[in-house]
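First comes the structure, then the notes that go with it.
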Amino acid sequence: MIKIYTYISKQFLKPLVFISFAFGFVVMISEFFREMRTYMELKTPFFTIIEYLLLNLPWWMIDVFAVSVLLALLFSLGELAKRNEIIALKASGVNLWRIISLFMILGLFIGIFDFSMREFVIPYTIVKAEYVKKIKIKNNKDDDVPKEHRNIIITLPGNARMFVGYVNIEKEYMRDVIVDEYDNNYHLKKNIIVGEGFYKNGGWLLKSGITRTFDDNKQWNEEYFESKIFSFSVKPKDFVVKNVRYEQMNLKKFKRYIQKKQMLGKNTLKDEIKYYSRFANIFCHIIVMMIGIPFALGLGNKFGKIISFTFALIFSFIYWTIRDVCLNLGENQIVDIWLSAWLPNILFGIAGVYLMSKIKK
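Numbering (our numbering), first residue to last: 3 to 363.
Okay, here's the thing in structure tokens:
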């Protein structure tokens, strides 16, 4: 049985590798011609262009990996069915569901591979690609984030809010600062008003300030100070969040990026859905197997690769359409963000179970 599993796995993995690289190179060539005018205007060296495109290649391959898996499944299993090898296996006493189970296991391992690529490889290659684009192609500065910012509101731990009239990230300086701390019922319990502050040794040295402490009767005590150290959890670089492509970040950095945006009061629903989608992608390939196997066994006998390719395109269009719809539902808070990320898998999983139940044993 091991030889049979090995043979079938090779029949599946060979077209998977070929199709994945084929899709990647098609996107790479398309991107090259799309940006050709820019490259010519900036007189970009040819090898720099190739470096940028090759660094993006892993992401382009992984981004459409589910389609590659589906096509490889349809081609390989369809060919086995077309050459009557499936019938021969059944005639020799091999239960068809053992073959199906093999593809389910392959789907799980492919999902783990997909997750590992997005977690450990893609962030590195995309960061390098963005560096090449910014520095070598467009000749921009390495750090193009503005150093000065005004009128910033930051959420602090413990039901606290900070308003900063002006901050200079490079000089680690801020002025016109107001900090309000609230109790669990959101009643004001402390108010700090400061003229200016300097970030030193992991804390803020605040100068020319006043602290008001409120009691339950809404009375307060005032304390003036010339200079005082406060250990706010916010650092100078936290006053601004730089928009980056989500594929540049692993889960740890992605979560920290979301928390930073939330601290600055920015909408993070879309980011949170994409965060949960990282986990949903692991099982996406199992769903692809469940959808593809019944069609591969049927289409392989009757039609062949052209119909299989057409089905893969239709499936991809429907899947991505539903995924976009679910994303919009989550962004508009019609459904929970976790459900928004997992709903495409749930819907197609139900369809897959139904199709698998129709397979003739």
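Cβ atoms here follow ideal geometry from the backbone N, Cα and C, with glycine treated the same way. All of these numbers come straight from a predicted model, not from anything done at the bench.
- Annotation for K191: the continuous beta strand (DSSP E) segment containing it runs 190-202.
- Taking all protein chains in view, the Cβ of R258 is surrounded by fewer than 16 other Cβ atoms within 10 Å, so the residue is classified as exposed.
- G205 sits exposed, since fewer than 16 C-beta atoms from the chains shown fall within 10 Å of its C-beta.
- Taking C-beta atoms under 8 Å as the contact rule, Y201 and K191 fail to qualify, at a distance of about 25 Å.
- If you look at D65, you'll find it in the alpha helix (DSSP H) that goes 48-65.
- In the three-state reduction of the DSSP assignment, E121 falls in the helix class, which pools H, G and I.
- As a beta-bridge residue in DSSP terms, F227 pairs with G211.
- Annotation: the continuous alpha helix (DSSP H) that includes T8 extends over 4-36.
- Counting of Cβ neighbours within 10 angstroms places E150 among the exposed residues, the total staying below 16.
- In the DSSP secondary-structure assignment, A162 is bridged to L158, E183.
- Annotation note: the stretch 300-350 contains the following uninterrupted alpha helix (DSSP H) runs of length 4 or greater, listed N- to C-terminal: 307-333.
- Taking a 10 Å sphere around the C-beta of Q221, we find fewer than 16 other C-beta atoms and assign the residue as exposed.
- Put simply, the stretch 76-87 does not touch the stretch 35-53. Fewer than three CB pairs are less than 8 Å apart.
- Contact between K230 and L253 is ruled out by a C-beta separation of about 38 Å, above the 8 Å threshold.
- Sequence-distant Cβ neighbours of L55 in its own chain, meaning closer than 8 Å and more than five residues away, are M30, E33, F34.
- The shortest CA-to-CA distance from A162 to any of K239, L110, N219, I180 is the one to I180.
- Beta-bridge analysis with DSSP links R247 to no other residue.
- Residues I260 of the same chain have their beta carbon placed closer than 6 Å to that of D273, with the five preceding and five following residues left out of the count.
- For I89, the uninterrupted alpha helix (DSSP H) segment begins and ends at 87-93.
- Boundaries of the alpha helix (DSSP H) around F256: 253-265.
- Taking A93 as the centre and dropping the five residues before and after it, the same chain places no C-beta closer than 7 Å to its C-beta.
- DSSP, read as helix, strand or coil, puts D178 in strand.
- For the 8 Å CB-CB criterion, E198 and I212 do not form a contact.
- Buried is the label assigned to D116, since at least 16 other Cβ atoms lie within 10 Å of its Cβ.
- Under DSSP, Y277 shares a beta bridge with no residue.
- Shown here, V169 sits in a strand according to DSSP, grouped into three states.
- Looking at the DSSP output, E150 sits in a beta bridge with N170.
- With the rule of 3 Cβ pairs closer than 8 Å, the stretch 106-121 does not count as touching the stretch 317-336.
- When Cβ pairs closer than 8 Å are counted between the two stretches, the stretch 121-138 is seen to touch the stretch 239-255, the count reaching three or more.
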